[in-house]
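Trainee: Shown below is the structure under consideration.
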Amino acid sequence: MTTAAQKRGNVKLEKTPRPVVVAVDGSAASTAAAAWAAVDAALRHLPVTLAYVAPRWRGGGREAQTILSDAEAVVRTAVGDEVSVETRRLRGRPVAALTKLTLEADRLVIGFRGTGVLGPGLLGPVTEGVLHHARCPVAVVHAGPRDDPNVNRLPVLVGVDGSASSAVALALAFEEARLRATSLVAIHVVDDGALGPARSTNMLQAALEPCLRDNPGVEAHSSLVSGDPSTELINRAGSAQLVVIGNRGRGGLARTMLGSVSSAVVAWVDAPVLVARDVVPAPE
37 MTTAAQKRGN
47 VKLEKTPRPV
57 VVAVDGSAAS
67 TAAAAWAAVD
77 AALRHLPVTL
87 AYVAPRWRGG
97 GREAQTILSD
107 AEAVVRTAVG
117 DEVSVETRRL
127 RGRPVAALTK
137 LTLEADRLVI
147 GFRGTGVLGP
157 GLLGPVTEGV
167 LHHARCPVAV
177 VHAGPRDDPN
187 VNRLPVLVGV
197 DGSASSAVAL
207 ALAFEEARLR
217 ATSLVAIHVV
227 DDGALGPARS
237 TNMLQAALEP
247 CLRDNPGVEA
257 HSSLVSGDPS
267 TELINRAGSA
277 QLVVIGNRGR
287 GGLARTMLGS
297 VSSAVVAWVD
307 APVLVARDVV
317 PAPE
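Just so we're aligned: 304 in the numbering used here is position 268 of the sequence shown, and the numbers increase by one with no gaps anywhere.
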């Protein structure tokens with residue numbers, strides 16, 4: 037109900053926070069995603085929405101409730117009552133249903149098995165579809181624990197290539213490092229045919245300056261490396277607690293497309309990967 041004071045404009049209505057949405061399906065990968073999302077939401081003081089998508093042809097009411105209840109237990113084990121939890125049971129095509137949820141989400145978290153009928157290193161149709169069409173950042177969490185017991189002390193790794201997408205990723209990576217009270221490592225892979233070493237150095241410094249100014253407490257390290265961008269990020273990801281990348285690079289791909297570097301990093305890296313978005317794709 038709207039009060040008279042609200043109608044007069046004397047009361048400032050608080051904006052409802054966007055939730056961290058987690059896609060759950062009962063797999064080990066989605067369990068890992070729920071646990072990671074719980075901690076992530078607690079860092080941001082945001083609620084969690086657990087979403088289960090059932091095909092239209094399948095009933096699955098009891099199965100859905102069990103999966104959602106188990107996922108909520110995972111969240112409570114991870115952070116207790118620090119976050120509020122909502123469960124959503126949806127029907128339809130997973131990519132379409134999850135993409136719709138991203139319209140009102142702070143971010144979407146999905147689990148990634150990394151093996152199966154497609155083999156290791158290949159994105160499944162749901163993961164790829166969501167990464168193509170999501171309207172918010174998407175975190176991809178792999179099943180299984182990390183080997184490093186001190187993983188939470190590791191830095192946030194981000195790739196910088198001078199594109200608008202990587203600028204958004206860099207700002208997001210600084211935010212992640214600040215919230216996680218850790219350092220940041222930014223790398224740029226030198227392409228002699230594009231910028232060259234000298235211009236690459238200037239580009240990297242220019243990209244870092246506003247982020248350093250806005251996040252004075254974050255210890256940041258940057259470096260230029262030679263090689264293939266995907267390979268260099270993948271090789272360094274084992275020493276990071278989180279990898280942040282843009283959804284596309286300098287190639288000028290269509291705004292609903294996922295860049296080849298981003299696809300490779302998501303598929304091959306064991307660390308959670310947060311894919312930033314520099315543009316909002318048009319609804320289909």
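We treat Cβ as the ideally placed atom computed from N, Cα and C, and that holds for glycine.
1) Residues in its own chain within less than 6 Å of Gly62 by CB, not counting five upstream and five downstream?
2) What's the call for Asn238, buried or exposed, on a 16-neighbour Cβ count within 10 Å?
3) To which residues of the same chain is Pro53 closer than 8 Å at the C-beta, ignoring the five residues directly before and after it?
4) Taking only the alpha-carbon atoms, compute the straight-line gap between Leu144 and Val226 and give it to the nearest angstrom.
5) I'd like the list of long-range same chain contacts for Tyr88, defined as Cβ closer than 6 Å, with 5 residues on each side in sequence excluded.
6) Which complete beta strand (DSSP E) runs does the region 241-283 hold, if anything under 3 residues is left out?
7) State yes or no: is the C-beta of Ser205 within less than 8 Å of the C-beta of Val192?
8) I need the DSSP call for Thr123, collapsed to helix, strand or coil.
9) Under 8 Å, with one C-beta from each stretch per pair, do the region 126-136 and the region 262-272 reach the 3-pair mark?
10) With DSSP collapsed to three states, give me the class of Val196.
11) Roughly how many angstroms lie between the CA atoms of Ala303 and Ala273, to the nearest whole one?
12) For Pro308 and Leu278, which I take to be in contact (beta-carbon distance under 8 Å), what is that distance rounded to the nearest angstrom?
13) Do you know how far the Cα of His257 is from the Cα of Val176?
14) DSSP on Val309, reduced to helix/strand/coil?
15) Mapping the DSSP letters down to three states, classify Leu144 as helix, strand or coil.
16) Can you tell me where the beta strand (DSSP E) with Thr85 in it begins and where it stops?
17) So His168 is in the alpha helix (DSSP H); what residue range does that whole segment cover?
18) Just grab the DSSP bridge partners of Leu79 for me.
19) Excluding the 5 residues preceding and the 5 following Val305 in the sequence, name in chain order all residues of the same chain whose CB lies nearer than 7 Å to its CB.
20) Assign Ala217 to one of three DSSP states: helix, strand, or coil.
21) In the DSSP assignment, the beta strand (DSSP E) including Val176 goes from what residue to what residue?
Mentor: Considering the structure as presented:
1) Excluding residues within five positions, the ones whose Cβ falls inside 6 Å are Ile103.
2) Per the 10 Å Cβ criterion, exposed.
3) Only His81, Leu82, Pro83, Asp142 meet the Cβ criterion.
4) Spanning the alpha carbons of Leu144 and Val226 requires a straight line of approximately 31 Å.
5) Cβ-Cβ distances below 6 Å link Tyr88 to Val60, Ala100, Ile103, Leu104, Arg125 in the same chain, with the five nearest sequence neighbours on each side left out; the list follows chain order.
6) Taking 3 residues as the minimum length, the beta strand (DSSP E) runs contained wholly in the region 241-283 are 256-262, 278-282, in order along the chain.
7) In the sequence on display, residue 205 carries Ala and not Ser. Cβ distance not < 8 Å, so Ala205 and Val192 don't count as in contact.
8) The answer is strand: DSSP assigns Thr123 an E or B state.
9) No, because fewer than three Cβ pairs between the region 126-136 and the region 262-272 fall closer than 8 Å, the two stretches do not touch.
10) In this structure, Val196 counts as coil in the three-state DSSP scheme.
11) Rounded to whole angstroms, Ala303 to Ala273 spans 12 Å at the Cα level.
12) Confirmed, about 5 Å.
13) Their backbone Cα atoms lie some 24 Å apart in a straight line.
14) DSSP places Val309 in strand when its eight states are reduced to three.
15) Per DSSP, reduced to three states, the secondary structure at Leu144 is strand.
16) In the DSSP assignment, Thr85 falls within the beta strand (DSSP E) that extends over 84-90.
17) Element bounds for His168: 161-169.
18) Beta-bridge pairing by DSSP links Leu79 to no other residue.
19) The residues are Ile270, Ala273, Val279.
20) Ala217 falls in the coil class under three-state DSSP.
21) For Val176, the enclosing beta strand (DSSP E) stretches over residues 174-178.
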